[in-house]
Amino acid sequence: MSPVFAPTEVIGHRGAGRGVVGGAVENSVRSYAAAAEAGADWVEIDVRRTADDALVLYHDAWLADGRAVVDLTAGECARAGITGLDEGLAALPEGVGLDVDVKSVVEDAVDAPARRTVSLLLPYLRREARRRRVLVCSFDPGVLLAVAEGAPGVPTAWMPYVRTPADHAVPGAVGLGCPVVAIDARAFGLGGERPRPGRRPVSYAVDLAHRAGLEVVSWCPDPAEAALLAGAGVDAVVVDDVPGTVAALGAVRPGG
7 MSPVFAPTEV IGHRGAGRGV VGGAVENSVR SYAAAAEAGA DWVEIDVRRT
57 ADDALVLYHD AWLADGRAVV DLTAGECARA GITGLDEGLA ALPEGVGLDV
107 DVKSVVEDAV DAPARRTVSL LLPYLRREAR RRRVLVCSFD PGVLLAVAEG
157 APGVPTAWMP YVRTPADHAV PGAVGLGCPV VAIDARAFGL GGERPRPGRR
207 PVSYAVDLAH RAGLEVVSWC PDPAEAALLA GAGVDAVVVD DVPGTVAALG
257 AVRPGG
């Protein structure tokens, strides 16, 4: 498989960043457009399924009022202000890469295979891969295996849980057959994390990942940390401050 990134690329987290950034709500058409306008190479989206097997763009499993997204219909989600996947993809600017964070639900373990979140997503992945760069990441290894089988041209990224060290993340990605590993910046000792005895330097872990044939994504560093990660060879960063990160990477990107 060809390289996924031309290091170091910027991926807008949930669009222009989590929460509300510049008036744009995360995982919305406006947020995706803002990320692209600010210079993001990719936009990361969160995908969930609804009670009637539609796919929507929402990070958390529950709304603020406590209702589970998987228990709501697509119409109820729309009335709650949640953007549908079709609408989001239609508005994604041409030339911007698509990083899909697949949010499995516990019901995926018992519902018919055709209703599983990843099964509903596969036709979208195959279509989008014909017109833009696409990456699928997930905390759920079953999703990554299903994508490898059902959309083999789409690269996948093993994204273990927050603060999972490279000691587990890198071998795990290799074992799953993923070409990319996604590592929380805090697992590298960034984001205000306290020093941990025996923690390897970022450059050491990234070099080992590269030697294993992996590209490395890190989430969610601030702009200064993103520049540090880029200097250590990280291939892409998922960030909440797109313009700040684009500026910070100017000195370490090729031609910067």
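Sequential numbering of the sequence shown, starting at 7, is according to the working numbering.
We treat Cβ as the ideally placed atom computed from N, Cα and C, and that holds for glycine.
These numbers come from a predicted model, not from an experiment.
8 Å Cβ shell around Phe145 - same chain, five flanking residues per side excluded: Residue numbering aside, residue 145 sits at position 139 when the sequence shown is read from its first letter. Excluding residues within five positions, the ones whose Cβ falls inside 8 Å are Ser110, Met165, Pro166, Tyr167.
Sequence-distant residues of the same chain with beta carbon closer than 7 Å to Ala74, five excluded per side: Numbered from 1 along the sequence shown, position 68 holds the residue referred to as residue 74. Excluding sequence neighbours, Ala74 sits near Ala67, Trp68.
Span of the beta strand (DSSP E) around Cys5: No information on residue 5 is available, as it lies outside the stretch 7 to 262 that the chain covers here.
Burial state of Gly198, where buried means 16 or more other Cβ atoms lie within 10 Å: Against the sequence shown, residue 198 aligns to sequence position 192. By the 10 Å Cβ count, Gly198 comes out exposed.
CA nearest to the CA of Asp58, picked from Asp77, Arg85, Val124, Val102: Taking the first residue of the sequence shown as 1, we reach residue 58 at position 52. The residue with the shortest Cα to Cα distance from Asp58 is Asp77.
Alpha carbon of Arg169 to alpha carbon of Arg36, nearest angstrom: Counting from one through the sequence shown, the residue named residue 169 turns up at place 163. Counting from one through the sequence shown, the residue named residue 36 turns up at place 30. One C-alpha to the other measures close to 30 Å.
Collapsed DSSP secondary structure at Gly90 in the structure displayed: Taking the first residue of the sequence shown as position 1, residue 90 is located at position 84. Assigned with DSSP and collapsed to three states, Gly90 falls in strand.
Opening and closing residue of the beta strand (DSSP E) in which Cys283 lies: Here the chain has residues from 7 to 262 only, and residue 283 is not among them.
Beta-carbon separation (whole angstroms), Thr162 vs Arg55, contact threshold 8 Å: Residue 162 sits at position 156 when you count from the first residue of the sequence shown. Residue 55 sits at position 49 when you count from the first residue of the sequence shown. About 19 Å; that fails the 8 Å criterion.
Same chain, Cβ closer than 8 Å to Ala80, neighbours up to 5 away in sequence not counted: Residue numbering aside, residue 80 sits at position 74 when the sequence shown is read from its first letter. The answer, listed in chain order, is Thr56, Asp58, Ala60, Val62, Gly90.
In DSSP terms, what Gly18 is bridged to: Stepping through the sequence shown from its first residue, residue 18 is reached at position 12. DSSP lists Val49, Val245 as partners of Gly18.
Ala215 - DSSP class collapsed to helix/strand/coil: Start at 1 with the first residue of the sequence shown, and residue 215 comes out as number 209. Reduced to three states, the DSSP call for Ala215 is helix.
Where Arg55 falls: helix, strand or coil (DSSP): Indexing the sequence shown from 1 puts residue 55 at position 49. Strand at Arg55.
C-beta contact flag for Ala12 and Ala41 at 8 Å: Walking along the sequence shown from the start, residue 12 turns up at place 6. Walking along the sequence shown from the start, residue 41 turns up at place 35. Not a contact, by the Cβ cut-off of 8 Å.
CB of Ile88 within 8 Å of CB of Ala242, strictly: By one-based count along the sequence shown, residue 88 stands at place 82. By one-based count along the sequence shown, residue 242 stands at place 236. Contact: no.
Rounded separation between Gly148 and Ile189 - CA only: Translated into positions along the sequence shown, residue 148 becomes position 142. Translated into positions along the sequence shown, residue 189 becomes position 183. Each residue's alpha carbon lies about 18 Å from the other.
Pick from Ala193, Leu141, Ala253 that is closest to Val108, judged by C-alpha positions: Position 102 of the sequence shown, counted from the start, is the residue given in the question as residue 108. Among Ala193, Leu141, Ala253, the Cα nearest to that of Val108 belongs to Leu141.
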